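In the working numbering, the protein residues as written are 80 to 502.
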């Protein structure tokens, strides 16, 4: 009895240890999960070809879905870009037109025509081009009436004339107008440079008398200064309205393409900033400008011989020689027309003369065109040699063309009268 009781006690003592051992050996759910991860990794990296776990279908299709989404996004961006491109092009064209109008307004202001709006100027030039083309069309139709042309052919010709020639006429009108603005701007610049030394000297005298710089500039203006007086008046109005004198003078200097004016204004502004003796500075600038002008006149006088030679060759000698050539062509044409060639002569059988190869009228047109071009280029060359700038003599081009063509016509008439009695 005692023995069985002792065995039961021993079994009760052994049960907690068995339970503890089973608890130690039994893995929990978290431990099994963490333990299987390395085994899967080892299975995928095993070189002996152990089987990999089955792939997830959602993970396999994920790259395809991402690619489709990216292509759809790119298509949407391209669509929106195309929709934004059309307003951008319209905006760029609008900005270009605004920039052209601003450039035209700047050129008009430099030429002294700032009161004219650019839109009205463009409209007037277009109307002038249409008017020129209209009179040209009427003249062509009047010349074609004796030939009785086909109405459809005439209408087609007029339509082609208005579509193709209108652009050419418009370009020519704009070219002439811009050339006129350029010449006018250059003349205003030269007028400013002519009176600049006197203005600086008067300003230096006013500063020496105790005036401030702005009052000295204002009281140095004289009515004979012309364009320069108007510009200084605008500078004074700007300073009275609250603008700084330095910015007003800088805007005035940048308005003209004159190195002399810009350098003089820059020296004046530097003297004002440094606080030096402005009267002495302005006197030295004025003396330097006068010396430079005297040197240019001396150089122009030294090359007067070349200018005279060029003008004589293009305005006097060339018209006389072309008139002589025209008269010679007329005489040869008359002789060939009245000459009877004996075809039976063996010596003259191979010689064939014709009076209609080049007519005298066509040769006269050629002479007039060559004389016109010679007058234009000779005028530009003489202006460059004498004044240093071709724009200095551009206004003399119409006069020289009229002189050379007039001398050509007069010489042709005189030679025709003189040589007509001999032939």
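Every residue, glycine too, gets a C-beta built ideally from N, C-alpha and C. Predicted model, so just to flag it, every value in this text is computed and none were measured.
Report buried or exposed for residue i, applying the criterion of at least 16 other Cβ atoms within 10 angstroms of its Cβ.
{"i": "residue 307", "result": "buried"}
{"i": "residue 176", "result": "exposed"}
{"i": "residue 265", "result": "buried"}
{"i": "residue 468", "result": "exposed"}
{"i": "residue 354", "result": "exposed"}
{"i": "residue 111", "result": "Its pLDDT being 39, under 50, residue 111 is placed unreliably in this model, and the value from its coordinates should be taken loosely. By the neighbour-count rule (16 or more Cβ atoms within 10 Å), residue 111 is not buried but exposed."}
{"i": "residue 164", "result": "No answer about residue 164 holds up, because its pLDDT of 48 lies below 50 and its placement is not dependable."}
{"i": "residue 391", "result": "exposed"}
{"i": "residue 229", "result": "exposed"}
{"i": "residue 438", "result": "exposed"}
{"i": "residue 300", "result": "buried"}
{"i": "residue 373", "result": "exposed"}
{"i": "residue 343", "result": "buried"}
Rounded to the nearest angstrom, how far is the Cβ of residue i from that of residue j, given a contact under 8 Å?
{"i": "residue 361", "j": "residue 348", "result": "Going by Cβ atoms, the distance from residue 361 to residue 348 rounds to 12 Å, so no, they are not a contact pair."}
{"i": "residue 36", "j": "residue 488", "result": "Summary: the structure shown does not reach residue 36, with the chain confined to residues 80 through 502, and so no result is reported for it."}
{"i": "residue 276", "j": "residue 340", "result": "Their Cβ separation, rounded to whole angstroms, is 11 Å, which puts residue 276 and residue 340 out of contact at 8 Å."}
{"i": "residue 389", "j": "residue 457", "result": "5 Å"}
{"i": "residue 551", "j": "residue 442", "result": "The structure shown does not extend to residue 551, since the chain spans only 80 to 502, so no value can be given for it."}
{"i": "residue 393", "j": "residue 483", "result": "7 Å"}
Helix, strand or coil, according to DSSP, for residue i in the structure here?
{"i": "residue 419", "result": "Because residue 419 sits at a pLDDT of 48, beneath the cut-off of 50, its placement in the model cannot be relied upon, and the point is left open."}
{"i": "residue 334", "result": "coil"}
{"i": "residue 312", "result": "helix"}
{"i": "residue 486", "result": "helix"}
{"i": "residue 300", "result": "coil"}
{"i": "residue 290", "result": "coil"}
{"i": "residue 222", "result": "helix"}
{"i": "residue 194", "result": "coil"}
{"i": "residue 492", "result": "helix"}
{"i": "residue 457", "result": "helix"}
{"i": "residue 382", "result": "coil"}
{"i": "residue 468", "result": "coil"}
{"i": "residue 425", "result": "With a pLDDT of 46 at residue 425, under the threshold of 50, the predicted position of this residue should be treated as unreliable, though the coordinate-derived value follows. Reduced to three states, the DSSP call for residue 425 is coil."}
{"i": "residue 356", "result": "coil"}
For residue i, would you say it is in contact with chain C, using Cβ-to-Cβ distances shorter than 8 Å as the test?
{"i": "residue 496", "result": "No chain C appears in the structure shown, which is made up of a single protein chain."}
On a CA-only basis, which of the options is nearest residue i? Give me that one, please.
{"i": "residue 236", "options": "219, 250 and 249", "result": "219"}
{"i": "residue 208", "options": "181, 253 and 198", "result": "253"}
{"i": "residue 412", "options": "478, 387, 394 and 440", "result": "440"}
{"i": "residue 472", "options": "480, 460 and 481", "result": "460"}
{"i": "residue 198", "options": "366, 183, 393 and 325", "result": "183"}
{"i": "residue 271", "options": "239, 323 and 336", "result": "336"}
{"i": "residue 269", "options": "318, 221, 338 and 483", "result": "338"}
{"i": "residue 410", "options": "452, 227 and 494", "result": "494"}
{"i": "residue 359", "options": "455, 240 and 286", "result": "286"}
{"i": "residue 387", "options": "212, 196, 274 and 464", "result": "464"}
- Message: Pairs of beta-carbons, one from the stretch 174-191 and one from the stretch 258-267, closer than 8 Å: are there three or more?
- Response: yes
- Query: Counting pairs of beta carbons, one from the stretch 290-299 and one from the stretch 270-282, are three or more of them closer than 8 Å?
  - Reply: Touching, yes.
- Evaluate contact between the stretch 390-406 and the stretch 311-328, counting only Cβ atoms and requiring at least three cross-stretch pairs below 8 Å. no
- Task: Report yes or no: do three or more beta-carbon pairs, one from the stretch 321-336 and one from the stretch 242-249, lie closer than 8 Å?
- Result: no
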